[in-house]
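Taking full-length UniProt numbering, the leading residue of the sequence shown gets 1, the next gets one more, and so forth.
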Amino acid sequence: MKDTEKEIDDKTKLIDQAEKYLKHKDTYKAYTKLKKNKQDTFYNEHTAEIILFESANKYLKEHLGESKTLNISKWKSELTTLKKDKKSLYSQILEIREEVEQAEKVKTCIEQLQEQEKQLSQVKRNELDL
Numbered sequence: 001m002k003d004t005e006k007e008i009d010d011k012t013k014l015i016d017q018a019e020k021y022l023k024h025k026d027t028y029k030a031y032t033k034l035k036k037n038k039q040d041t042f043y044n045e046h047t048a049e050i051i052l053f054e055s056a057n058k059y060l061k062e063h064l065g066e067s068k069t070l071n072i073s074k075w076k077s078e079l080t081t082l083k084k085d086k087k088s089l090y091s092q093i094l095e096i097r098e099e100v101e102q103a104e105k106v107k108t109c110i111e112q113l114q115e116q117e118k119q120l121s122q123v124k125r126n127e128l129d130l
């Protein structure tokens, strides 16, 4: 379950960063194509977008490895599958917990019966001794 949750978290971050990258890519390209004297003004006007792009770019380079393609639709599909898997695992956990509860109830009943039998045996021995 923890592995699945980690995969969901990682995939969600990857999708989020890829979307930020694509959203701010044009702004960043425009920024890099400007001459130095105009870059400062452009940077001041678009600081947030440029920082978001650079951050997303760094994240993607670290997490994509050899693959340089942004296959967001594939990742979203994988994310949907992972969420279904998590839901299924959670259902299994709930079923197992319920089975454990039932087993504990049965165990308690058996222990109570054994204790009652023990007491009855003790009473019978005492009666026989009289």
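For every residue, glycine included, the Cβ atom is placed at its ideal position computed from N, Cα and C. Everything numeric in this text was worked out from a predicted model, so none of it was measured.
| query | result |
| --- | --- |
| Do residue 72 and residue 18 come within 7 Å of each other at the CB atom, strictly closer than that value? | yes |
| If you measure from the beta carbon of residue 121 to each beta carbon in chain B, is any gap under 7 Å? | As a matter of chain content, chain B is missing from the structure shown, which is built from one protein chain. |
| Name the two residues that bound the continuous alpha helix (DSSP H) containing residue 71. | Neither: residue 71 is in no alpha helix (DSSP H) and is coded neither H nor E. |
| Can you list, in chain order, the residues of its chain whose CB lies under 7 Å from that of residue 2, leaving out five sequence neighbours each side? | none |
| Below 8 Å, how does it come out for the stretch 30-48 and the stretch 112-125: are there three or more Cβ pairs, yes or no? | no |
| Using three-state DSSP, classify residue 23 as helix, strand or coil. | helix |
| Are the stretch 50-64 and the stretch 10-17 touching, with three or more C-beta to C-beta distances below 8 Å? | yes |
| Please go through the same chain and pick out, in chain order, the residues whose beta-carbon is closer than 8 Å to the beta-carbon of residue 86, but skip the five residues on each side of it. | 1, 4, 5, 8 |
| Is it true that the CB of residue 27 sits closer than 7 Å to the CB of residue 45? | no |
| Is residue 52 helix, strand or coil when you go by DSSP? | helix |
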